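Visitor: Submitted below is the structure of interest, expressed as structure tokens.
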Amino acid sequence: MKKFLLYILSILSILLVIFTVLDVFYTFAYTKGTPRNKISYLLSIEDEAIDYVFLGSSRVDNTIDSEIMEEVTGKKILNLGIQEVGLNDTFLMLQLLKKQNIQTETVFIQVDGKYNSNKNSGYLKSSIMPFIHDEQISILMKNRNKDFFFLKYLPFYRYLKYDYKNGFREVLNILLKNQPYVNLENGYYPLYGKSRKQLQTKLPEKISQTNPDIEAINRFAEKNNINVVYFMAPVCSEAENLDFAQKLDQKIPSLMDFSKLFLEKDDYFFDCSHLNDNGAKEFSKILGREISQLD
Amino acid sequence: MIFNSLPFLIFLPVVFILYWFIFKGHTKWQNLLVLVASYIFYGWWDYRFLALVAASTLVDYILGLAIAKKKLLTWRKAFLICSILFNLGLLGFFKYFNFFIKSWIDAGESLGFTMHLETLQIILPVGISFYTFQTLSYTIDVYRNRITPTPDFIKFAAFVSFFPQLVAGPIERASRLLPQFAAARKFNFEFAKSGVHLIIWGLFQKIVIADNCATFVNAIFSNYENLNSLSLTLGAIYFAFQIYGDFAGYSNIAIGTGRLLGFDLMRNFNYPYFSRNVGEFWRRWHISLSTWFRDYLYIPLGGSRGSKFQQIRNTFIIFLVSGLWHGANWTFVAWGALHALFFIPLLIKKTNRKYPENSSHNQIFPPYRELVKMIFTFSIVCIAWVFFRSPSINDSFGYFISFFSNFSFVPEYLVIGRYNMELLLLIAIFVLIEWFYRGREEPITGNRPILKTSLALLMIVMFGVYSEHSDFIYFQF
Numbered sequence: 163m164k165k166f167l168l169y170i171l172s173i174l175s176i177l178l179v180i181f182t183v184l185d186v187f188y189t190f191a192y193t194k195g196t197p198r199n200k201i202s203y204l205l206s207i208e209d210e211a212i213d214y215v216f217l218g219s220s221r222v223d224n225t226i227d228s229e230i231m232e233e234v235t236g237k238k239i240l241n242l243g244i245q246e247v248g249l250n251d252t253f254l255m256l257q258l259l260k261k262q263n264i265q266t267e268t269v270f271i272q273v274d275g276k277y278n279s280n281k282n283s284g285y286l287k288s289s290i291m292p293f294i295h296d297e298q299i300s301i302l303m304k305n306r307n308k309d310f311f312f313l314k315y316l317p318f319y320r321y322l323k324y325d326y327k328n329g330f331r332e333v334l335n336i337l338l339k340n341q342p343y344v345n346l347e348n349g350y351y352p353l354y355g356k357s358r359k360q361l362q363t364k365l366p367e368k369i370s371q372t373n374p375d376i377e378a379i380n381r382f383a384e385k386n387n388i389n390v391v392y393f394m395a396p397v398c399s400e401a402e403n404l405d406f407a408q409k410l411d412q413k414i415p416s417l418m419d420f421s422k423l424f425l426e427k428d429d430y431f432f433d434c435s436h437l438n439d440n441g442a443k444e445f446s447k448i449l450g451r452e453i454s455q456l457d
Numbered sequence: 022m023i024f025n026s027l028p029f030l031i032f033l034p035v036v037f038i039l040y041w042f043i044f045k046g047h048t049k050w051q052n053l054l055v056l057v058a059s060y061i062f063y064g065w066w067d068y069r070f071l072a073l074v075a076a077s078t079l080v081d082y083i084l085g086l087a088i089a090k091k092k093l094l095t096w097r098k099a100f101l102i103c104s105i106l107f108n109l110g111l112l113g114f115f116k117y118f119n120f121f122i123k124s125w126i127d128a129g130e131s132l133g134f135t136m137h138l139e140t141l142q143i144i145l146p147v148g149i150s151f152y153t154f155q156t157l158s159y160t161i162d163v164y165r166n167r168i169t170p171t172p173d174f175i176k177f178a179a180f181v182s183f184f185p186q187l188v189a190g191p192i193e194r195a196s197r198l199l200p201q202f203a204a205a206r207k208f209n210f211e212f213a214k215s216g217v218h219l220i221i222w223g224l225f226q227k228i229v230i231a232d233n234c235a236t237f238v239n240a241i242f243s244n245y246e247n248l249n250s251l252s253l254t255l256g257a258i259y260f261a262f263q264i265y266g267d268f269a270g271y272s273n274i275a276i277g278t279g280r281l282l283g284f285d286l287m288r289n290f291n292y293p294y295f296s297r298n299v300g301e302f303w304r305r306w307h308i309s310l311s312t313w314f315r316d317y318l319y320i321p322l323g324g325s326r327g328s329k330f331q332q333i334r335n336t337f338i339i340f341l342v343s344g345l346w347h348g349a350n351w352t353f354v355a356w357g358a359l360h361a362l363f364f365i366p367l368l369i370k371k372t373n374r375k376y377p378e379n380s381s382h383n384q385i386f387p388p389y390r391e392l393v394k395m396i397f398t399f400s401i402v403c404i405a406w407v408f409f410r411s412p413s414i415n416d417s418f419g420y421f422i423s424f425f426s427n428f429s430f431v432p433e434y435l436v437i438g439r440y441n442m443e444l445l446l447l448i449a450i451f452v453l454i455e456w457f458y459r460g461r462e463e464p465i466t467g468n469r470p471i472l473k474t475s476l477a478l479l480m481i482v483m484f485g486v487y488s489e490h491s492d493f494i495y496f497q498f
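Top line first, the protein sequences correspond to chains A and B.
Position one of the first sequence corresponds to residue 163 (this note's numbering), numbered consecutively onward.
Position one of the second sequence corresponds to residue 22 (this note's numbering), numbered consecutively onward.
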């Protein structure tokens with residue numbers, strides 16, 4: 163039995179060595195390699211001036227064509243929209259902008275039915291995991307993860323838990339210097355044509371009394387002297403409960419509502435809540451002109 | 022509780038310590054511990070269904086003793102029929118009730134009758150197909166005077182509910198496993214070490230092979246209308262490796278766990294994808310179920326005795342029942358029927374038992390002819406897997422229609438953000454490992470076990486799927 167216990171101990175030791183070596187190796191690749199996602203990119207730039215930053219979900223990622231907006235406004239623009247993120251994640255992105263000392267004139271935040279929700283995005287969490295040992299990021303992430311202690315101190319657990327996004331495949335892409343799916347310097351990811359699956363967009367029927375994340379964003383922006391403007395991107399004519407935008411407008415009086423902008427232009431949509439490249443380019447021009455007028 | 026979960030990672034060492042340190046040398050107490058541990062293991066999923074395991078145990082314990090006690094054949098037969106009715110009744114109600122009702126309604130409506138029958142909301146208890154078959158084999162063997170029934174209820178209950186193989190097999194025979202519960206257990210280092218190797222290899226099969234394939238399989242089968250022939254071909258191949266990795270992985274972990282407690286469970290898989298015909302495939306795939314059907318259904322039906330017609334009839338019955346055993350859906354019946362169609366030509370030509378040994382014994386590479394036979398067998402098995410995996414018969418045919426209507430072999434990007442061919446390298450590595458170690462139970466034991474263990478662990482950690490954790494497929498059966 164003693165021999166067997168020693169044998170088990172040797173296997174556990176091998177496992178611990180594997181975890182530790184891989185953790186060091188993966189972290190090195192993510193922190194020293196060329197960024198391949200928007201979080202890595204944001205954490206790789208510091209003390210930069212970017213006039214307008216756009217935050218939000220895929221409805222920013224696939225909608226704001228930074229190059230066109232730069233042409234229209236003459237300002238430097240960065241699209242930091244990330245698929246699936248909610249307002250809680252947007253607040254985190256705003257905090258990261260501050261941490262990296264990015265000087266902005268205005269931060270535009272896309273808001274829609276997610277006003278009613280306080281869910282986090284797994285994608286954003288996974289992207290931030292390699293940087294969790296950074297003191298400030300550690301503070302920001304502490305209350306966002308129930309298993310934060312294990313994520314931070316158990317070697318490689320943070321990569322195992324989010325292996326689909328942060329696993330070997332992504333590390334290999336970093337090592338091979340494969341280009342990311344999007345040009346990170348402007349952040350626009352176009353969708354072309356029409357989706358085969360026409361997703362039905364259903365805006366909520368009712369609106370929540372308040373949204374704690376919006377309140378936190380407003381407090382944070384005021385404290386750090388950041389100008390925040392909320393906007394709602396277009397949806398197609400098939401979207402249900404289109405009057406949600408009016409309800410949202412009552413909660414956020416300064417809201418720039420573009421939800422009904424393309425109601426008669428369904429060919430601008432990839433699916434009901436995402437513009438295709440043609441729609442995004444047109445919207446970026448219109449939004450650029452509106453923003454210029456704000457100035 | 023499932024093997025690749027945190028609770029089991031705590032549960033197993035606790036049971037191991039109690040078993041070998043606290044109850045060492047006390048067989049009865051060790052059996053009681055196994056029984057309690059098994060009920061905790063099963064109850065972790067849903068404690069309400071423990072009553073079913075307990076009922077099955079109690080009924081077959083009493084009927085086993087009653088059969089042995091009676092000399093008169095009529096009584097013995099009556100008790101055996103009670104056991105069969107009870108076990109198949111449980112299985113029939115929980116697994117097939119809705120299926121038969123729905124099929125009856127569909128059949129009636131297709132003939133123009135209005136049916137007013139309703140299905141019930143029935144939860145399928147995990148492992149019911151496995152433990153009912155195990156207890157059935159006990160009463161049948163007692164009836165056939167192959168074993169003497171045990172008067173020790175704890176021993177019998179521990180045999181029925183033995184946690185390593187309770188929910189997904191291997192389906193053990195009482196004649197093999199029950200005597201092990203009676204014997205005094207002595208810890209054997211080499212035996213336990215081989216158990217650890219089986220567990221590691223099983224985890225590799227499950228977490229690295231099956232779970233990686235599952236991601237691609239789900240993406241391909243749920244979107245088959247829009248994918249090209251290459252993606253659909255790969256979908257079938259990936260599913261072949263998913264179900265193999267999943268089930269063989271589970272079986273290896275079960276056998277390994279059994280060995281840690283001093284039990285020798287039967288082998289369930291023997292490198293089935295290196296088979297040279299379907300007959301050989303069925304001697305290497307899910308061995309405990311195939312041999313169960315052979316011993317308790319095929320041979321009583323007449324087996325390979327009698328006319329060719331009877332042999333073909335028996336083969337069809339076996340494969341159709343085997344298909345239905347896997348699930349209450351016509352897709353499984355179609356899967357079984359296809360295998361029967363693949364098998365019958367071999368039966369007629371008497372080549373179904375042509376390959377008793379491993380392929381290319383003592384050779385590194387297979388001869389060209391054997392390789393072609395292996396590829397052909399694997400291909401037809403993959404065709405049948407499409408039926409097994411599809412949610413309905415219509416989807417199965419739709420899958421094949423899409424193969425021809427979207428005829429193209431260009432690499433495609435799937436909805437999961439991966440190219441369809443990305444897994445091929447991993448599959449190729451797995452096939453090569455299995456090929457070179459096909460003469461052994463698993464690849465780790467032998468020369469340089471520490472190096473091989475380290476490599477297996479490295480691959481499990483690096484290539485395993487953890488964020489999309491999935492249950493073992495065979496739990497649903």
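Quick reminder that beta carbons are idealized off the backbone N, C-alpha and C, glycines included.
The model shown is predicted, which means the values in this text are computed figures rather than measured ones.
Given this structure, state the Cα-to-Cα distance separating Ser-196 (chain B) from Gly-323 (chain B), to the nearest angstrom.
Guide: One C-alpha to the other measures close to 23 Å.
Visitor: What's the gap between the Cα of Leu-479 (chain B) and the Cα of Gly-329 (chain A)?
Guide: Each residue's alpha carbon lies about 13 Å from the other.
Visitor: Would DSSP call Phe-44 (chain B) helix, strand or coil?
Guide: It is coil, neither helix nor strand.
Visitor: Name the DSSP bridge partner or partners of Met-483 (chain B)?
Guide: For Met-483 (chain B), which the question treats as bridged, DSSP gives no partner whatsoever.
Visitor: Which residues of chain B have a Cβ atom closer than 8 Å to the Cβ of Met-394 (chain A), listed in chain order?
Guide: Within 8 Å Cβ-Cβ: nothing; Met-394 (chain A) doesn't reach chain B, min ~27 Å.
Visitor: Quick one: any contact between the stretch 274 to 288 of chain B and the stretch 183 to 197 of chain B, if contact means 3 or more CB pairs under 8 Å?
Guide: Flag = yes, the stretch 274 to 288 of chain B and the stretch 183 to 197 of chain B touch.
Visitor: Please list, in chain order, the chain B residues whose beta carbon lies closer than 9 Å to that of Ile-244 (chain A).
Guide: Per Cβ cutoff of 9 Å: no residues; Ile-244 (chain A) is ~14 Å from chain B at best.
Visitor: Assuming Gly-195 (chain A) contacts Ile-336 (chain A) (C-beta within less than 8 Å), just tell me the rounded distance between them.
Guide: Contact holds; Cβ gap of about 4 Å.
Visitor: Please name the residue in A:Lys-287, A:Tyr-285 and A:Ala-211 whose C-alpha comes closest to that of Gln-262 (chain A).
Guide: Nearest of A:Lys-287, A:Tyr-285 and A:Ala-211 to Gln-262 (chain A), Cα basis: A:Ala-211.
Visitor: May I ask which residues mark the beginning and end of the alpha helix (DSSP H) holding Asp-81 (chain B)?
Guide: Run containing Asp-81 (chain B): 71 to 90, per the alpha helix (DSSP H) assignment.
Visitor: Do Asn-403 (chain A) and Val-390 (chain A) have their CB atoms nearer than 8 Å?
Guide: Not in contact: Asn-403 (chain A) and Val-390 (chain A) (Cβ atoms no closer than 8 Å).
Visitor: Using beta carbons (cut-off 8 Å, strictly below), is Ala-213 (chain B) in contact with chain A?
Guide: Yes, its Cβ sits closer than 8 Å to a Cβ of chain A.
Visitor: Applying the criterion that 16 or more other CB atoms from any shown protein chain within 10 Å of the CB defines a buried residue, is Gly-327 (chain B) buried or exposed?
Guide: It counts as exposed.
Visitor: Which same chain residues end up closer than 7 Å to Asn-373 (chain A) when comparing Cβ atoms and leaving out the 5 residues on each side of it in sequence?
Guide: Same-chain partners within the cutoff: Leu-249 and Tyr-277.
Visitor: May I ask which residues mark the beginning and end of the beta strand (DSSP E) holding Ile-271 (chain A)?
Guide: Per DSSP, Ile-271 (chain A) belongs to the beta strand (DSSP E) from 268 to 272.
Visitor: Quick one: is Leu-168 (chain A) buried, meaning 16 or more other Cβ sit within 10 Å of its Cβ, or exposed?
Guide: Answer is exposed; the Cβ neighbour count stays below 16.
Visitor: Could you tell me if Ser-266 (chain A) is buried or exposed, where buried requires 16 or more neighbouring beta carbons within 10 angstroms of its beta carbon?
Guide: It should be noted that the sequence gives Thr, not Ser, for residue 266 (chain A). By the 10 Å Cβ count, Thr-266 (chain A) comes out buried.
Visitor: Which residues bound the beta strand (DSSP E) around Leu-217 (chain A)?
Guide: Segment 214 to 217, the beta strand (DSSP E) holding Leu-217 (chain A).
Visitor: Runs of 3 residues minimum, wholly inside the stretch 216 to 262 of chain B: which ones carry the beta strand (DSSP E) assignment?
Guide: Within the stretch 216 to 262 of chain B, no complete beta strand (DSSP E) run reaches 3 residues.
Visitor: Identify the residues that DSSP records as bridge partners of Lys-364 (chain A): which are they?
Guide: Lys-364 (chain A) pairs with A:Glu-402.
Visitor: So, is the C-beta of Lys-413 (chain A) closer than 8 Å to a C-beta in chain B?
Guide: Chain B, which has no Cβ nearer than 8 Å to the Cβ of Lys-413 (chain A), makes this no.
Visitor: In the DSSP assignment, what residue or residues form a beta bridge with His-436 (chain A)?
Guide: According to DSSP, His-436 (chain A) bridges with A:Asp-433.
Visitor: Could you name the residues of the stretch 310 to 326 of chain A whose beta carbon sits closer than 8 Å to any beta carbon of chain B, in the order they occur along the chain?
Guide: Flagged, chain order: Phe-318, Leu-322, Lys-323, Tyr-324, Asp-325 and Tyr-326.
Visitor: Starting from Asn-241 (chain A) and walking both ways along the beta strand (DSSP E), at which residues does that stretch end?
Guide: Residues 239 to 241.
Visitor: Let's test the definition: count the other Cβ atoms within 10 Å of the Cβ of Leu-255 (chain B) and tell me whether it reaches 16, buried, or not, exposed.
Guide: Leu-255 (chain B) comes out buried.
Visitor: For Asp-419 (chain A), write down the residues that DSSP places opposite it in a beta bridge.
Guide: For Asp-419 (chain A), which the question treats as bridged, DSSP gives the partners A:Met-394.
Visitor: Exposed or buried, what is Ala-178 (chain B) when buried is set at 16 or more other beta-carbons lying within 10 Å of its beta-carbon?
Guide: Counting Cβ neighbours within 10 Å, Ala-178 (chain B) comes out buried, since at least 16 surround it.
Visitor: Check whether the stretch 226 to 235 of chain A and the stretch 441 to 457 of chain A are in contact - that is, three or more C-beta pairs closer than 8 Å.
Guide: Taking 8 Å as the limit for Cβ pairs, the verdict is that the stretch 441 to 457 of chain A does touch the stretch 226 to 235 of chain A.
Visitor: Distance cutoff 8 Å, beta carbons only. Does Met-483 (chain B) sit that close to anything in chain A?
Guide: True, the Cβ-Cβ gap to chain A drops below 8 Å.
Visitor: Which of helix, strand or coil does DSSP assign to Tyr-277 (chain A)?
Guide: Of the three classes helix, strand and coil, the one that applies to Tyr-277 (chain A) here is helix, per DSSP.
Visitor: At a CB-CB cut-off below 7 Å, which residues of chain A make contact with Trp-41 (chain B)?
Guide: By Cβ distance, chain A contributes Met-163.
Visitor: My understanding is that Leu-353 (chain A) touches His-436 (chain A), with C-beta atoms under 8 Å, so please give their C-beta distance in whole angstroms.
Guide: Contact flag correct, Cβ pair sits at about 6 Å.
Visitor: Around the Cβ of Asp-162 (chain B), are there at least 16 other Cβ atoms within 10 angstroms (buried) or fewer (exposed)?
Guide: Buried is the call here.
Visitor: Who does Tyr-434 (chain B) pair with in a DSSP beta bridge?
Guide: For Tyr-434 (chain B), which the question treats as bridged, DSSP gives the partners B:Tyr-440.
Visitor: Taking C-beta pairs closer than 8 Å, name the residues in chain B that Leu-177 (chain A) reaches, listed in chain order.
Guide: Simply Leu-478 and Val-482.
Visitor: Inspect the CB distances between the stretch 238 to 254 of chain B and the stretch 153 to 169 of chain B and report whether three or more fall short of 8 Å.
Guide: No: fewer than three Cβ pairs fall under 8 Å.
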